[in-house]
Structures are given as structure tokens and as C-alpha cells.
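Numbering (mature numbering (1 follows the signal peptide of the UniProt record, and there is no 0)), first residue to last: -34 to -1, 1 to 425. Glycine is no exception: its CB is placed at the ideal position from the N, C-alpha and C atoms. Since the structure is predicted, the reported quantities are computational estimates derived from the model, not experimental observations. A short write-up of the structure that comes next.
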Ligand code: FUB
């Protein structure tokens, strides 16, 4: 549904315009091109990546524009096969999913088991006024998610759940700020055996925090627990404020933990940070958030990713925030339908749910553009098609290579279709699209919003 040009979120346009300024680096030869943060259409926070069936699904929170607190009402899902072009799957879970929740759609974690995806999230319980952990469930990684229980799974006023399934099938849910807790989840993933157990926050286990008698260790929040080569890792947000990312290791899932040092120093203009660590396609990736987008800060954060290598002894190297991000894994195939909301970088556009399912790109104005990185054209594309809709008089899709003002290889004219969700397919000839190149769809036309685009494909 097109939200309409007047009802868009205040401040979003400013974000987009400033995003364009940030992207000047793209236009200046020799300046490193930014691929971080991953999402530029909205502010995102608290990354929780999940590898499933050869694809990375990225679950995030959503900081509202111009927020001056952790004003968060929904969670979002993105996915990628190549770590640079990310598909927007919208918001398949929100506060409204949990009838008992009143506010604070904060940092969650999604895990897969037996055909279902379980998304553990902290929210405020309307009845008690305390933070509690709810669990959403879906048969699809992109949802929609439903409330698995109709009540909190666990509630003790603390936040930031992270699930882990050990090799023997025993699952755990960790969470906590200021303490660190776990429960042993049953195989159904929505109940647990025994009570909530506190992991002792010793300085040997979690480092020494100076000058805070009530919190003697570095552990602050946001545990991320996983196992690698028989060693258990707990990567967490350390100290406050601002936070850095530290980690501990243990011989078992419940400890005893040994503090191992800093993963990511304090950087990036957000006083919180929040880690997610995965292996994908032979590489290791560290997800985090910062305040890198224009207007960004502690309450307007953005998720980013870096590739890293473990040291030979299994320790994690120091990882710094970059604007270049992770290298692309493989290439993108332009000869199959590609969603318009699969984006490496953009300026000026937004996304919204499309009438036929999925998302479409909208709020397109003259000179806005979308970059899709590493597109493998091979011997050459002869034509380009796009699914488009326009409640006004449309405009043009300029198919360019190498930059928003790069080589023009084709131009498709988009007519008015009578509605923002009244779709038609336009096709135009292309010439010179060969090899592997960064594709830019640059939009052109008159003033105001021009058209929406749902998908595109070369022939
Ligand atoms: O996003 C709200 C809170 O900020 C999260 O729950 C914490 O981890 C911190 O990132």
C-alpha cells in the first residue's frame, strides 16, 4: 500500500538527502565507496544474523526517525546471498504481534529449529511495566511471525535474549542487563526446564570495570553465544557508556567463562553497540551498529558488517568499523527476477509493502538512484524490464553502469498507470551491459513522486 506522499514519516526525506551527501564518495573517483551501513532507507539497530539455506537473514530493530530514546515499535528482516546486496523483507513482527506488550521492541535474536524460526525479543509487559522476553514463531525466515505463547516466555525486567543450540540438541536462552541469565529451553523452543539461572559475573569471566561498585565487570548487555571448534564464545556489549564489544570463552555453554578482551573498540557515534557473529560461505562476519547515517546517533543507529578471520588459536582479532564493509561473495544474476528492494546503496528512495506481496521501492523522485553491486552481465544484455506503477505521470528508469552518472546502457519510459500499486511491465533495449559491473538504476522525470518499482530483470 502506498502510504501517500504527505503521510511519510517526518524527517525521512532529510535522512535521504543527507544520505545522498554521504554518497558523494561514490561520485568522486578514488574515494572508497561506502557499503556500510547495510541499510540506508531507515535506521536499524541490534543486528541478529542467521544463515539458512545458503542465505544470510538479518533481523534488526528499527529506530524511529529523530528518536530521542530507544523508540522502537517493530522489527525488520533483510537478506543477502552476497553480503553486499541486501533485500528488504519489511516488518514481519511488531509490538502488535504481542497483545500483552506495550512498548520497547528492543534487541532480539532468531534461531531455526525443526522447520520453524523462533524470534526471541524483549518488550515491555503492559501488565507489569517490566521488560519481558516474548517469542515469535514462523515457518518462514521472513515471516510473518505470530506470538508463540500469548504471554512472556520469561520475565525478570532484563533484556537482550540470545538463543543457542548445542551439538547435543540442548538449547539455551541467554539474556540480561545488568545480570546475565540463562534457561535451558526444551526442544519445542517455547518452554524451558528448571528455573532462570544467573551466570556469575566474575572479573575473571567478564573483565574488570573500574569505578562502578555495583557493576564490577565489563558485561553490560547483548550476549551473543555460539560454539566454534569446541570452544564456546560469548560476545557482549561491554561497559557503558559508551559501550565497546568484548568477549569471553568457556569450555561449556554455561561456563566457566574467561574474559578474552576487546572485539570492537568504542567507535561510531552510538553509545550502544550490539554484536552478531556468523560464518557464511567460508568466511566469518561481525555485525554491529553505529550512528553512521546522517542524523545518526545513540537513538538513530545503523547496522553494519565486517569480514574477519579468527586468529589461529581461536581468539577474535580487534575489528574496526569501516564504511567499505564486507567484500561481495560471488555476483548477482541479472537474468532472473531481482527485487527492486535488493540494494547495495541508494539515495532518496524508500520501501513499502507491495500489493502482490514482498516490498517495492517508492517515493522515487528525479535523480534518486539504487546501486546493485557486482552484477554479472556476461556476454551482454539485450533488454531490461521493470515492474512499475505510477499514480502520477511516471518518468524514466535510466540503466547505468559504474556510477549514478555512469555509462547509460538503456532507458525505460514509465507511464502513469492510475495508481501506486497498479502495476505494469515496461521493457527497453540495452546495449553495452557486459562483464561484471555495478548497476545503477537512476530515476528521472518531473517534480514530485514519479513511480514505484517492484522488480527488474535483464534479458
Ligand atoms: O535497542 C535497544 C537496546 O539498546 C538494546 O536492547 C540494547 O542491546 C542496546 O542496543
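Taking 8 Å as the limit between beta carbons, can you name the residues of its chain near residue i, skipping five residues before and five after?
i           : result
residue 132 : 138, 193, 219
residue 160 : 149, 150
residue 276 : 194, 250, 282, 283
residue 82  : 103, 104, 105, 155
residue 265 : 29, 33, 34, 35, 36, 37
residue 362 : 377, 378, 379, 380, 409, 410, 411
residue 349 : 376, 393, 394, 395, 396, 424, 425
residue 221 : 165, 166, 171
So which of the options has the shortest CA-CA distance to residue i?
i           : options            : result
residue 389 : 328, 375, 80       : 328
residue 284 : 28, 393, 211       : 211
residue 374 : 63, 408, 383       : 408
residue 252 : 234, 403, 279, 287 : 287
residue 340 : 168, 207, 404      : 404
residue 157 : 186, 299, 176, 115 : 115
residue 330 : 359, 315, 319      : 315
residue 258 : 239, 244, 246, 124 : 239
residue 298 : 338, 268, 85       : 338
residue 365 : 322, 27, 393       : 393
residue 323 : 109, 84, 72        : 109
residue 86  : 101, 26, 313       : 101
residue 429 : 20, 6, 204         : No information on residue 429 is available, as it lies outside the stretch -34 to 425 that the chain covers here.
residue 256 : 269, 325, 78       : 269
residue 39  : 46, 31, 45         : 31
residue 25  : 65, 96, 50, 58     : 58
residue 47  : 165, 76, 246       : 246
residue 293 : 272, 313, 278      : 272
residue 53  : 346, 319, 368, 387 : 319
residue 18  : 203, 261, 107      : 107
residue 290 : 14, 50, 9          : 50
residue 387 : 279, 356, 73, 398  : 356
residue 15  : 398, 45, 3, 8      : 45
residue 75  : 96, 126, 94, 118   : 126
residue 167 : 141, 153, 152      : 141
residue 99  : 227, 66, 367       : 66
residue 80  : 345, 22, 152       : 152
residue 188 : 55, 73, 260        : 73
Along the chain, where does the beta strand (DSSP E) containing residue i start, and where does it finish?
i           : result
residue 171 : Careful: residue 171 lies outside any beta strand (DSSP E), inside the alpha helix (DSSP H) at 169 to 172.
residue 200 : 197 to 204
residue 75  : 75 to 79
residue 215 : 210 to 216
residue 336 : 335 to 344
residue 194 : 185 to 194
residue 226 : 224 to 230
residue 66  : It is not in any beta strand (DSSP E) - residue 66 carries neither H nor E in the DSSP assignment.
residue 52  : 52 to 54
residue 326 : 325 to 328
residue 162 : 158 to 164
residue 219 : Taken as a continuous stretch (DSSP letters only), residue 219 belongs to no beta strand (DSSP E), as it is neither H nor E.
residue 312 : 311 to 313
residue 3   : Looking at the DSSP string, residue 3 is not in any beta strand (DSSP E), and its letter there is neither H nor E.
residue 317 : 316 to 319
Tell me which same chain residues have a C-beta within less than 6 Å of the C-beta of residue i, skipping the five on either side of it?
i           : result
residue 68  : 90, 92
residue 303 : 421, 423
residue 360 : 380, 381, 382, 417
residue 391 : 351, 353
residue 419 : 306, 327, 352, 354
residue 311 : 337
residue -7  : Low local confidence applies: a pLDDT of 37 at residue -7 is under 50, so the model's placement there is unreliable, with the coordinate-based value given in what follows. Contacts found: none.
residue 370 : 335, 406, 408
residue 295 : 48, 49, 247
residue 191 : 128, 130, 140, 200
residue 70  : 89, 90
Keeping to the same chain, check which residues put their C-beta closer than 7 Å to that of residue i; ignore five residues upstream and five downstream.
i           : result
residue 172 : 183, 184, 185, 214, 223, 225
residue 208 : 232, 237
residue 181 : 144, 175
residue 162 : 120, 122, 147, 149
residue 234 : 256, 257, 258, 287
residue -15 : Low confidence applies here, because residue -15 scores a pLDDT of 39, under 50, leaving its location unreliable and the question unanswered by this model.
residue 401 : 343
residue 111 : 58, 59, 63, 85, 102, 103, 104
residue 8   : 28
Discussion item. At 3 residues or longer, what runs of the beta strand (DSSP E) sit wholly inside the region 14 to 41?
Written reply: 21 to 29
Discussion item. Give the list of continuous beta strand (DSSP E) stretches no shorter than 3 residues that lie fully inside the region 350 to 417.
Written reply: 361 to 367, 373 to 380, 385 to 395, 401 to 410
Item to complete: Could you tell me which uninterrupted beta strand (DSSP E) segments, each at least 3 residues in length, are contained entirely in the region 91 to 155, listed from first to last along the chain?
Response: 97 to 104, 128 to 131, 137 to 141, 147 to 151
Item to complete: Return the chain-ordered ranges of every beta strand (DSSP E) run that is complete within the region 242 to 304 and spans a minimum of 3 residues.
Response: 242 to 246, 249 to 256, 268 to 274
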